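Numbering (numbering that gives the first Met the number 0), first residue to last: 0 to 371. Taking it in order: structure first as structure tokens, then the write-up.
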Amino acid sequence: MTKLGEYFIEARNKQNISIDRVVEDTHIIKKFIIAIENDDFSAFPGEAYLKGFIRTYSDYLGLDTKEAIRRYEIVKMSETPTPMEQLIPKPSSNFGLIISVCVVVAVLIIGIGFFIFSNLSKDISTKTTVDKTKQAQTKPVKPVKPAKAANDTTSQKNLIKIIDDTNSLQIRKGDKIEIPTEFGTISFVILELDPVLKIIDNKEKEYFLIKGNPTKIDVNNDGNYDVEITVNSWDNKSADLTLKKLGGVSRNEEVDQVYGNLQGDNVEVLARKSLVEDISFELNILSDTFLRYKVDLEEPVEKWFKTGDKIEINAKTGAIVYLISSGAVTFDFKSLDKTYTAGDIGKVDVKLIKWVKNRTSEEFELQISSLK
0 MTKLGEYFIE ARNKQNISID RVVEDTHIIK KFIIAIENDD FSAFPGEAYL KGFIRTYSDY
60 LGLDTKEAIR RYEIVKMSET PTPMEQLIPK PSSNFGLIIS VCVVVAVLII GIGFFIFSNL
120 SKDISTKTTV DKTKQAQTKP VKPVKPAKAA NDTTSQKNLI KIIDDTNSLQ IRKGDKIEIP
180 TEFGTISFVI LELDPVLKII DNKEKEYFLI KGNPTKIDVN NDGNYDVEIT VNSWDNKSAD
240 LTLKKLGGVS RNEEVDQVYG NLQGDNVEVL ARKSLVEDIS FELNILSDTF LRYKVDLEEP
300 VEKWFKTGDK IEINAKTGAI VYLISSGAVT FDFKSLDKTY TAGDIGKVDV KLIKWVKNRT
360 SEEFELQISS LK
């Protein structure tokens, strides 16, 4: 069976379609099309994005999307190393019994031989033992290196153990962070650094981290935050984080603080009011795209949307929308009679929508800005 990339190339060539034509019609960035056809899945910001692109590309070529995803899973499995114990067959019960008997016989023979040899060479053995004891007393002792601290990242490559209540970390893709809490040790793995910083915890829950925005995590789902992670800076190679243990901060107390302290770039003012109102708008999907959005402190929603889909957003404090293709979505603020276009086709961005008080006029401004 042909690989996923060959599957797409063959279908595209049969229809005499160039890669540039695919990019123009599907609005998928060219580097992602090339990566799919080369089975290079490391080029994508996450598996959800990758599967979304595969579905779009297979739909465009008239292929079976389920078959395309199945071929991707096969390629993914083939690239995952098989544990050694699965490669070495276990011996049958009869074979194991034979081995056990042989071992017992061998031990008996060696024991008898050693007993005879010991009695014949008693004097020589005694002299040799005395000589070796003298040599051991004069031989210099090699100093033992002290054990490394638990939070020394060089002792265990890519493993960072958190001990202090507040920690500054330099992390890379693939690094694992372990945090002891009263509920047990929790851990995070750095999944992606580009185009967004994404981590996953030991319960396989994903978090998207934004620069300057403290991400608070409720480890045991009791309504209180236990850990706070803030991104100070990052690029496609490494990131600088501050991780703080909170000891259980009420989630309700944090609603205003999370969005109040968050500020993006390229700010555009959508409206000015004397009093803050609820934030309501509609996301209009212009072309098939993967979308992720977060309203207030609710759990993020992420899924693949089709052309023509509409999503109603109603927020008390703020909303964050993650875009893999800015030009595929428009923001329709019906109450303001205003439509906002996020950007160009294929551009990755993160949009923040919230109210901000203007210190000069004392009015409140409904702003939309970029967090990427």
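Just so it is clear, CB atoms sit at the ideal spot from N, CA and C, and this is done for glycine as well. Keep in mind it's a predicted model, so treat the numbers as computed, not measured.
- Residue 366 places its beta carbon less than 8 Å from that of residue 268.
- By the Cβ neighbour-count rule, residue 174 is buried, with 16 or more other Cβ atoms within 10 Å of its own.
- Note that the C-beta distance between residue 345 and residue 324 is below 8 Å.
- If you look at residue 29, you'll find it in the alpha helix (DSSP H) that goes 29–36.
- For residue 207, same chain residues with a beta-carbon under 6 Å away, outside a window of 5 residues either side, are 195, 197 in chain order.
- The residue among 29, 20, 30, 10 with its C-alpha nearest the C-alpha of residue 64 is 10.
- Looking at the backbone, the Cα of residue 202 and that of residue 292 are separated by about 21 Å.
- Bounds of any beta strand (DSSP E) do not take in residue 57; it lies within the alpha helix (DSSP H) bounded by 46–60.
- For residue 4, the secondary structure class from DSSP, reduced to helix, strand or coil, is helix.
- Contact between the region 10–21 and the region 272–290 is absent, with fewer than three C-beta pairs closer than 8 Å.
- By the Cβ criterion, the region 324–336 is not in contact with the region 176–195, since fewer than three pairs of Cβ atoms, one from each stretch, lie closer than 8 Å.
- Between the alpha carbons of residue 170 and residue 189 lies a distance of about 8 Å.
- Here residue 17 carries a coil assignment [DSSP, helix/strand/coil].
- Per DSSP, residue 195 lies in no beta strand (DSSP E) segment and is marked neither H nor E.
- Counting C-beta atoms within 10 angstroms of its own C-beta, residue 13 has fewer than 16 neighbours from the protein chains shown and is therefore classed as exposed.
- In the DSSP assignment, residue 165 falls within the unbroken beta strand (DSSP E) covering 165–171.
- Of the residues 44, 51, 225, the one whose Cα lies closest to the Cα of residue 26 is 51.
- Straight through space, the alpha carbons of residue 216 and residue 278 are spaced by roughly 25 Å.
- The three-state secondary structure of residue 347, taken from DSSP, is coil.
- If you draw a 10 Å sphere on the C-beta of residue 340, you find fewer than 16 other C-beta atoms in it, and that means exposed.
- Taking a 10 Å sphere around the C-beta of residue 108, we find fewer than 16 other C-beta atoms and assign the residue as exposed.
- Here residue 285 is near residue 328, since their CB atoms are less than 8 Å apart.
- Secondary structure in the region 271–335: the beta strand (DSSP E) runs of 3 residues or longer, each lying completely within the stretch, are 278–284, 288–294, 300–304, 309–314, 317–322, 328–332 in chain order.
- Around the CB of residue 24, fewer than 16 other CB atoms lie within 10 Å, so the residue is classed as exposed.
- In this structure, the straight-line span from the alpha carbon of residue 200 to that of residue 301 is close to 17 Å.
- By the neighbour-count criterion, in which a residue is buried when 16 or more other Cβ atoms sit within 10 angstroms of its Cβ, residue 66 is exposed.
- Between the alpha carbons of residue 71 and residue 59 lies a gap of roughly 17 Å.
- For residue 64, the secondary structure class from DSSP, reduced to helix, strand or coil, is helix.
- When 242, 287, 211 are compared, the shortest CA-CA separation from residue 231 is found for 211.
- Cβ atoms of residue 177 and residue 192 stay farther apart than 8 Å, at about 20 Å.
- For residue 161, no beta strand (DSSP E) segment is defined, and its DSSP state is neither H nor E.
- Residue 42 and residue 34 do touch by the CB rule: their CB atoms are close to 4 Å apart, below 8 Å.
- The three-state reading of DSSP puts residue 40 in helix, counting H, G and I together.
- When secondary structure is reduced to three states using DSSP, residue 362 falls in the coil class, being assigned neither helix nor strand.
- For residue 241, the closest alpha carbon among the candidates 235, 229, 233 is that of 229.
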